[in-house]
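Using our numbering, the letters of the sequence shown map in sequence onto residues 1231 to 1439.
The beta-carbon is built from N, C-alpha and C at its ideal position, and this holds for glycine as well.
Keep in mind that this is a model prediction, so the values were computed, not measured.
Just below is one structure, and these are the notes that go with it.
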Amino acid sequence: MGSKASRTIKIMPIVSKLHCSVSEEVLVVRHRPHVVNGGGFVVTDSAQNPVFSADGCGVLGNKDELILRDSYGSPLLLIRRKGGIVEVLSMTRKWKGYTTEFEGSQKLVFTLKEPNSCFLKNIPVKISIESSHYGGDHRSFAVAGYFPNRVCSIVDSLGNAIAQVGGCKEIEMESKDIYNVIVKPGIDQAFVIGVIAILDYIYGGSTRC
């Protein structure tokens, strides 16, 4: 019965199909203090096994640059914010997520647009997918809700939530440094955590210097 159900789940890789699960996954994000490895955060699964980590500018020494790594410390995503005069005059800032090909070349897989002013709160954070192997017509996503409160979702073009950010029920005291990310079946968890890393940086979290 379980194997038949798993065949109906559509796997939708963006970074890699290795990070897609046929079942819903609850991941726990824990911020590292800036005095420990320059900040960033680690991500564990429901069994408390490490699955991802994010290094921010405190580690890399480069402003507006992030790296998402797998459980072995190997880089999965290089994330950079585009700069320059054109962006300063624009209504949005663009973040770009790249994977590294076997030949060492970088491949753009997604672009995230954030409002260029804290006064433009009604402008949604939009994400577009560049990866050619992502199937279907749903190549755009958005962040619904307010990430600083740890209550938000990543939704597809139809408004369906593919991932939800919420508080960690296992922690008695309220802490925005520890929270859950629920990822729907078939969704690329590396992509979701890459988006979380950018949101963390935008709102002055642990990945920011």
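Query: Taking the Cβ atom as the reference point for each residue, do H1261 and S1387 lie within a distance shorter than 9 Å?; Result: no
Query: Which whole-angstrom value is the C-beta distance of I1357 and F1377, which I expect to be below 8 Å?; Result: With a Cβ gap of about 13 Å, I1357 and F1377 do not count as contacting.
Query: Kindly give me the distance between the Cβ atoms of L1183 and L1306, rounded to whole angstroms, as I take these residues to be in contact under 8 Å.; Result: Nothing can be reported for residue 1183, as the shown portion of the chain is limited to 1231 through 1439.
Query: Just to confirm my understanding: we take D1275, look at its own chain, exclude 5 residues before and 5 after, and list those with CB closer than 7 Å. What are they?; Result: E1255, L1257, V1281
Query: Report the residue from F1271, G1434, A1420, V1373 whose alpha carbon sits nearest the alpha carbon of C1250.; Result: A1420
Query: Name, in chain order, the residues that DSSP records as bridge partners for I1241.; Result: Paired residue(s): none; I1241 is not in a bridge.
Query: Look up Q1278 in the DSSP assignment and say whether it is helix, strand or coil.; Result: coil
Query: So, using beta-carbon positions, are Q1411 and I1426 closer together than 9 Å?; Result: Correcting the residue type first, residue 1411 is Val in the shown sequence and not Gln. Yes.
Query: Taking just the CA atoms, how far does V1245 sit from I1417?; Result: 10 Å
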